[in-house]
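Enquirer: Protein sequences appear in the order of chains A and B.
Take the first sequence: its letters are residues 127 to 502, numbered as in this note's numbering.
Take the second sequence: its letters are residues 5 to 592, numbered as in this note's numbering.
Cβ atoms here follow ideal geometry from the backbone N, Cα and C, with glycine treated the same way.
Since the structure is predicted, the reported quantities are computational estimates derived from the model, not experimental observations.
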Amino acid sequence: MQVKTFSSDSVKGFMQAWDKNSSDGFKPNAAIVFSSVDIDLNGISTFIKKKGVRLFGSSSCGEFLYNSSGKVITEGGLVCSMLQLEPGSYDLNMFSGKGIDSFSLGRTAGEWVVKTFKKPAIFVVASGLNTDGEQLVRGIQDVAGDDVTMFGGLAGDDAHFNETYVFSESALDPQGAIIMVLDLSVYEINGISTSGWVSIGADKIITRAEGNIVYTIDNQPALDVYKMYLNVRDEDLPEIGVEYPLLIRKQDESFVLRAVLNVDREKKALIFAGTVPNGAVVTFSSSPGFEIIESTRKEVNEFYKYNPNTDLLILFSCMARHNALGPTISEEIDEVWEKWSKPLIGFFTYGEIGNNYKASCDFYNQTFTLVSIKQK
Amino acid sequence: MPKNLQYIIDELRNLRNPEEFLAARDRILEELTRVDSDFEKLNFKYERSNKEKNILSSLLTRTSADLKKVSDNLKIRAEELSTILITIPAYVYFKDVNLNYILVNQSYAELTGLPVDKITGRSLLEIFPHYKSTGYLETEQKVISLGKENYNIEEEIEFNGQTRWVNTNLAPIRNPAGHIIGLIGISWDITERKHYESELKRAKELAEAGTMAKNEFIASISHEFRTPMNGILGLSEILKNTPLDESQADLLKGIVSSAENLLVLVNDLLDFSAIEAGKLELDFHPFILDRVLEDVFQMLNMKAREKFLDFSVLISEDVPKHLIGDSQRLRQIIINLAGNAVKFTEKGGIEIHIHLLKSTVDRIMLRFEVIDTGIGIPQEAKESLFKVFSRVKQNKSKLIVGSGLSICKKLTDLLSGEIGVESEKGKGSTFWFTLPFDLTGIKIQPKEKTGEAEFKLYTGKRVLVAEDNLINQKIVSFQLKRIGFEVDLVDNGQLALEKYDENCYDIVILDIQMPVMDGYEVAKAIRRKEAITRNHIPVIALTANAMKGDKELYLAAGMDGYVSKPFTPETLLSAIQQAEIIASRSRI
Numbered sequence: 127m128q129v130k131t132f133s134s135d136s137v138k139g140f141m142q143a144w145d146k147n148s149s150d151g152f153k154p155n156a157a158i159v160f161s162s163v164d165i166d167l168n169g170i171s172t173f174i175k176k177k178g179v180r181l182f183g184s185s186s187c188g189e190f191l192y193n194s195s196g197k198v199i200t201e202g203g204l205v206c207s208m209l210q211l212e213p214g215s216y217d218l219n220m221f222s223g224k225g226i227d228s229f230s231l232g233r234t235a236g237e238w239v240v241k242t243f244k245k246p247a248i249f250v251v252a253s254g255l256n257t258d259g260e261q262l263v264r265g266i267q268d269v270a271g272d273d274v275t276m277f278g279g280l281a282g283d284d285a286h287f288n289e290t291y292v293f294s295e296s297a298l299d300p301q302g303a304i305i306m307v308l309d310l311s312v313y314e315i316n317g318i319s320t321s322g323w324v325s326i327g328a329d330k331i332i333t334r335a336e337g338n339i340v341y342t343i344d345n346q347p348a349l350d351v352y353k354m355y356l357n358v359r360d361e362d363l364p365e366i367g368v369e370y371p372l373l374i375r376k377q378d379e380s381f382v383l384r385a386v387l388n389v390d391r392e393k394k395a396l397i398f399a400g401t402v403p404n405g406a407v408v409t410f411s412s413s414p415g416f417e418i419i420e421s422t423r424k425e426v427n428e429f430y431k432y433n434p435n436t437d438l439l440i441l442f443s444c445m446a447r448h449n450a451l452g453p454t455i456s457e458e459i460d461e462v463w464e465k466w467s468k469p470l471i472g473f474f475t476y477g478e479i480g481n482n483y484k485a486s487c488d489f490y491n492q493t494f495t496l497v498s499i500k501q502k
Numbered sequence: 005m006p007k008n009l010q011y012i013i014d015e016l017r018n019l020r021n022p023e024e025f026l027a028a029r030d031r032i033l034e035e036l037t038r039v040d041s042d043f044e045k046l047n048f049k050y051e052r053s054n055k056e057k058n059i060l061s062s063l064l065t066r067t068s069a070d071l072k073k074v075s076d077n078l079k080i081r082a083e084e085l086s087t088i089l090i091t092i093p094a095y096v097y098f099k100d101v102n103l104n105y106i107l108v109n110q111s112y113a114e115l116t117g118l119p120v121d122k123i124t125g126r127s128l129l130e131i132f133p134h135y136k137s138t139g140y141l142e143t144e145q146k147v148i149s150l151g152k153e154n155y156n157i158e159e160e161i162e163f164n165g166q167t168r169w170v171n172t173n174l175a176p177i178r179n180p181a182g183h184i185i186g187l188i189g190i191s192w193d194i195t196e197r198k199h200y201e202s203e204l205k206r207a208k209e210l211a212e213a214g215t216m217a218k219n220e221f222i223a224s225i226s227h228e229f230r231t232p233m234n235g236i237l238g239l240s241e242i243l244k245n246t247p248l249d250e251s252q253a254d255l256l257k258g259i260v261s262s263a264e265n266l267l268v269l270v271n272d273l274l275d276f277s278a279i280e281a282g283k284l285e286l287d288f289h290p291f292i293l294d295r296v297l298e299d300v301f302q303m304l305n306m307k308a309r310e311k312f313l314d315f316s317v318l319i320s321e322d323v324p325k326h327l328i329g330d331s332q333r334l335r336q337i338i339i340n341l342a343g344n345a346v347k348f349t350e351k352g353g354i355e356i357h358i359h360l361l362k363s364t365v366d367r368i369m370l371r372f373e374v375i376d377t378g379i380g381i382p383q384e385a386k387e388s389l390f391k392v393f394s395r396v397k398q399n400k401s402k403l404i405v406g407s408g409l410s411i412c413k414k415l416t417d418l419l420s421g422e423i424g425v426e427s428e429k430g431k432g433s434t435f436w437f438t439l440p441f442d443l444t445g446i447k448i449q450p451k452e453k454t455g456e457a458e459f460k461l462y463t464g465k466r467v468l469v470a471e472d473n474l475i476n477q478k479i480v481s482f483q484l485k486r487i488g489f490e491v492d493l494v495d496n497g498q499l500a501l502e503k504y505d506e507n508c509y510d511i512v513i514l515d516i517q518m519p520v521m522d523g524y525e526v527a528k529a530i531r532r533k534e535a536i537t538r539n540h541i542p543v544i545a546l547t548a549n550a551m552k553g554d555k556e557l558y559l560a561a562g563m564d565g566y567v568s569k570p571f572t573p574e575t576l577l578s579a580i581q582q583a584e585i586i587a588s589r590s591r592i
């Protein structure tokens, strides 16, 4: 595979950069675009379609690109990776989630995936603030198997929490999933997920929940509990909810973080990025401070030891990390560039999906989820 | 002052001439950019800290309120638990894995006579220096090492000069990670209970000994009855064969009938004590159901006719004829029930119905009903009817007494069947029972009634009979002579052996209990002699009654069969025939 990457702050700039990168005879057959919702996403689709290229696109909450020409971490712009992939080793498809639950959406996508390749690796990004990322993952796994290789996340909208999008060369969907599938007999794909968030406060019980909607915590309206404990104003929600997720304790003493992506003020309910089961024992959680950068560095170094070669790196980093680390976010992304010095493209997400080393895929919040693609 | 700023100041100070300025400007600008970036990061960290401070302090305030609530609840809970521990009417203690006390309750402390804080951290032997271990500490150690509860450990302990019995339950204590960190023991003083238990045990033993003595008495007295009964019946049989006028024959009939009734009663008593002692032997063999019912019919029809009662037997067509079971006990049950029916019915009649309840390939369940039009049984008497020696009060003057029903109940139980009664006072009763039988594939040839012709089978054959009772001697010899035997009689075993040596016999019949030498000894001696001659003469035991285990004794002594007294000519004959077959096999 061959890769070229660039960033821009407008559709016009995008088109120019594309043509410039193609002028040496480079013929991409696929593209990855992570873009701000402020940019005309339809314009990008139309342009890419004319080029006869397949597009894997998602709106973002800030995007970044590291390559030999420099480091870009922006908000309101776009980043693009032009890919020249082996014919027959990839495919793309978009699935609408309208009128169906996230699990069913996952199953539909999964059925297409297993038909496409015998040994598939899935890249999936979903849009919609009410999408249950965990159910989407479970739906895909239900068809493709628990051990399927899968990375991705939930699209963002620059922390407006209005509408997020996925897009291909021919469509734009505020409530769907875009999938790129690669043939694992041609590519080697590995990744890590690391968070660093810690539990704060006493244990609480989820007393009423349905899927990813929580109505009561310790028998009190969930929204009231959240606002009271964090002492936040109504207008701070849901944005602050991404930074202070609930930590769900599992029986084996492990835990999973679930960020608030939306609120139902009428029902005083919190809508999470993934399932929060009835009866679950939860606590609030927070990043312990800037030391999470150090723990990310360690994980990246460890991953590099096992996976020193790559053609392209994609990073799905939670927008809450950006909020928590501010300008120092670059320090943990820098570590990736320093290790591999290969193109790195990514965006700040509302949720991440990934296999941690060889473990089965899960849906996360607050993580730094890095994936490496290498042609065999 | 930040290092970067110091650097810029130094650069500017060191500027000596305009040529150096351009190069210095680039270095200074680069440094200023770095300062700007550092400043931006610092500024962010500052703002971030401010924002986080608000959220975290709120979270911490709320959390500390939560924790206060939790700790208050825990305190209340702890107080409740401590109250329970103190007031629970039992000795409670907790020990660590080294079996040292961690905590004991008030009752336990009182038991030791020490304050609670003097007990914790110490071991059992430090608290009770005079404690004599009977494996108790080992049991505690096992609870810790195996992680398993151990309940109802009873132990006699001594403290304050008093002996007390305690019952203890032990259970391991685990920490949340599942590791055993000690044990809990709860003990109760059961001295009183132990006292009652031993009294109860003694009373039970006494009662059992009494019952056993009673059963033995009944068994032995019934046994004693049989010898004179044998005499009466045997001599009556002899008398019947002498010329008698009509009234004498009638009187004899009365004697025989009374003696038979008495024999039934004695047999019932014997059976009863045999069942009680678990000594009743069941004999499962192929038989023809019709034959059993014919016997019953012949035995009871006469009596029914005397009372002008109808008597009939109805067998459903689907009931198989050839069965495997204890026909003797079946006959006994039917005769008992039907005999009662005849006895207590004054008008109408008695019907015996038999139908098939269930059947599989090799097993069936039959239901027998004895239906009478008699006096009926009041509701309140039904329950106790099958109990031992029950009585049904008919009126002030008359009591109906019987052991028969309780024997029927015990026999049906033994044979895996059920028994019951449906009755309405004044309208008659239906006694029923169910019994399982195995099916036989083989058809049994119905045995012809032994005719006069067969009686002469043994003409010219010699039999040696050893029997010390003179009356029995007469009866046996009469019956043997009737079937053609030439009979040699002796009074004891010693004489029998002498006769055996002098003459040549076709068969030997030995009473078991005899003076000088008993039947077993004689049989053994005969078999020893035969070891040289390689012969095997049929030897039959004459016995007062066959109990479970007796058969093995006869066989061990080398006998080929036995006859229980009193016996009929038919049973004697069949025992002789059987013994001949067995003996002939032994010769091969």
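May I ask you to report which of helix, strand or coil DSSP gives W238 of chain A?
Expert: W238 of chain A falls in the helix class under three-state DSSP.
Enquirer: Should N357 of chain A be flagged as near chain B, meaning a C-beta pair shorter than 8 angstroms?
Expert: Yes - at least one Cβ of chain B is within 8 angstroms of the one on N357 of chain A.
Enquirer: Taking 8 angstroms as the threshold (C-beta atoms), are K394 of chain A and D360 of chain A in contact?
Expert: Going by C-beta atoms, D360 of chain A is not nearer than 8 angstroms to K394 of chain A.
Enquirer: Which of the three DSSP states, helix, strand or coil, is assigned to H540 of chain B?
Expert: Here H540 of chain B sits in coil by DSSP.
Enquirer: Taking 6 angstroms as the limit between beta carbons, can you name the residues of its chain near T444 of chain B, skipping five residues before and five after?
Expert: The answer, listed in chain order, is P290, H326 and I328.
Enquirer: Check the C-beta distance from I487 of chain B over to Y462 of chain B and give it rounded, since I have them as a contact under 8 angstroms.
Expert: Yes, they are in contact, since the Cβ atoms of I487 of chain B and Y462 of chain B sit about 5 angstroms apart, within 8 angstroms.
Enquirer: If we count the other Cβ atoms within 10 Å of its Cβ and call it buried at 16 or more, is Y432 of chain A buried or exposed?
Expert: It is exposed - the Cβ of Y432 of chain A has fewer than 16 other Cβ atoms within 10 Å.
Enquirer: Can you pull the chain A residues whose beta carbon is under 8 angstroms from the beta carbon of R52 of chain B, in chain order?
Expert: Correct list: A450 and G452.
Enquirer: Would you identify the three-state DSSP class for W144 of chain A, choosing helix, strand or coil?
Expert: Helix, per DSSP.
Enquirer: Please identify the residue among A:D488, A:K138 and A:N481 whose C-alpha is closest to the C-alpha of V497 of chain A.
Expert: Comparing Cα-Cα distances from V497 of chain A to each of A:D488, A:K138 and A:N481, the minimum goes to A:N481.
Enquirer: At what residues does the alpha helix (DSSP H) containing N8 of chain B begin and finish?
Expert: N8 of chain B -> alpha helix (DSSP H) spans K7 to N18.
Enquirer: Tell me whether the beta-carbon of L107 of chain B lies closer than 8 angstroms to the beta-carbon of T124 of chain B.
Expert: Result yes, Cβ atoms of L107 of chain B and T124 of chain B sit closer than 8 angstroms.
Enquirer: List, from N- to C-terminal side, the beta strand (DSSP E) runs of 3 residues or more that fit wholly inside the segment 268-324 of chain A.
Expert: Correct list: 275-280, 302-309 and 313-320.
Enquirer: Buried or exposed: which applies to S433 of chain B, given that a residue is buried once 16 or more other Cβ atoms fall within 10 Å of its Cβ?
Expert: It counts as buried.
Enquirer: Less than 8 angstroms between CB atoms is the rule here; does E66 of chain B satisfy it with respect to chain A?
Expert: Checking the displayed sequence, the identity of residue 66 of chain B turns out to be Arg instead of Glu. Yes, R66 of chain B lies at the interface with chain A (some Cβ there is under 8 angstroms from its Cβ).
Enquirer: If the cut is a Cβ gap below 9 angstroms, which residues of chain B does I326 of chain A touch?
Expert: Correct list: L60, L63, L64 and T67.
Enquirer: Could you tell me whether any Cβ in chain A is nearer than 8 angstroms to the Cβ of E34 of chain B?
Expert: No, its Cβ sits nowhere closer than 8 angstroms to a Cβ of chain A.
Enquirer: Report all residues from its chain with a CB closer than 7 angstroms to the CB of L298 of chain A; omit the five preceding and five following residues, and keep chain order.
Expert: So the list reads L167, N168, S171 and Y291, once near-sequence residues are dropped.
Enquirer: Run the CB neighbour count on Y50 of chain B, radius 10 Å, all protein chains shown included, and call it buried at 16 or more, exposed below.
Expert: When all chains shown are included, Y50 of chain B counts as exposed.
Enquirer: If I measure Cβ to Cβ from S191 of chain B and keep anything under 6 angstroms in the same chain, skipping five residues before and after, which residues do I get?
Expert: Excluding sequence neighbours, S191 of chain B sits near Y95, V170 and T172.
Enquirer: Would you kindly check if the distance between the Cβ of K413 of chain B and the Cβ of F390 of chain B is under 8 angstroms?
Expert: Cβ distance < 8 angstroms, so F390 of chain B and K413 of chain B count as in contact.
Enquirer: Can you check the segment 151-217 of chain A for any alpha helix (DSSP H) of at least 4 residues that lies completely inside it and give the ranges in chain order?
Expert: As far as the segment 151-217 of chain A is concerned, its whole alpha helix (DSSP H) runs of at least 4 residues are 167-176.
Enquirer: With distances taken from CA atoms, which of A:L181, A:F160 and A:L211 is nearest L191 of chain A?
Expert: Comparing Cα positions, the closest option is A:F160.
Enquirer: By Cβ distance below 7 angstroms, which residues in the same chain neighbour V407 of chain A in space, the five residues on each side in sequence not counted?
Expert: Here the set comprises D329, I331 and R375.
Enquirer: Applying a beta-carbon distance threshold of less than 8 angstroms, which residues of chain B neighbour M220 of chain A?
Expert: Residues of chain B passing the Cβ test: none, with the nearest at roughly 37 angstroms.
Enquirer: Give me the chain A residues within the contact set of K79 of chain B, using Cβ-Cβ distance strictly less than 8 angstroms, ordered along the chain.
Expert: The contacting residues do not exist; K79 of chain B stays about 16 angstroms from chain A at best.
Enquirer: Do you know how far the Cα of Y558 of chain B is from the Cα of L600 of chain B?
Expert: Any question about residue 600 of chain B goes unanswered here, given that chain B covers just 5 to 592.
Enquirer: For K72 of chain B, go through chain A and note every residue whose CB falls closer than 9 angstroms to its CB, in chain order.
Expert: Neighbours of K72 of chain B on chain A: none; closest Cβ ~10 angstroms, over 9 angstroms.
Enquirer: What residue range is occupied by the uninterrupted alpha helix (DSSP H) comprising M306 of chain B?
Expert: Its alpha helix (DSSP H) spans residues L293 to E310.
Enquirer: Using a threshold of 8 angstroms, state whether the C-beta atoms of V137 of chain A and E212 of chain A are closer than that.
Expert: No, the pair does not count as a contact, with Cβ atoms beyond the cut-off.
Enquirer: Starting from M445 of chain A, find everything on chain B with Cβ-Cβ shorter than 8 angstroms and list it in chain order.
Expert: Within chain B, no residue comes near M445 of chain A; the closest Cβ sits about 15 angstroms away, beyond 8 angstroms.
Enquirer: Spell out a yes or no on whether the segment 356-371 of chain A and the segment 379-389 of chain A are touching, meaning 3 or more CB-CB pairs, one atom from each, closer than 8 angstroms.
Expert: Result yes; three or more Cβ-Cβ pairs closer than 8 angstroms.
Enquirer: When burial is assigned at 16 or more other CB atoms within 10 Å of the CB, is K451 of chain B buried or exposed?
Expert: Note that K451 of chain B scores a pLDDT of 48, beneath 50, so its modelled location is shaky and nothing firm can be said.
Enquirer: With the cut-off set at 8 angstroms, would you say M518 of chain B and D472 of chain B are in Cβ contact?
Expert: In contact: M518 of chain B and D472 of chain B (Cβ atoms closer than 8 angstroms).
Enquirer: How far does the alpha helix (DSSP H) with V368 of chain A in it extend, from its first residue to its last?
Expert: Run containing V368 of chain A: E365 to E369, per the alpha helix (DSSP H) assignment.
Enquirer: Since S162 of chain A and L204 of chain A should fall inside the 8 angstroms C-beta cutoff, what is the C-beta to C-beta distance between them, to a whole number of angstroms?
Expert: Yes, they are in contact, since the Cβ atoms of S162 of chain A and L204 of chain A sit about 6 angstroms apart, within 8 angstroms.
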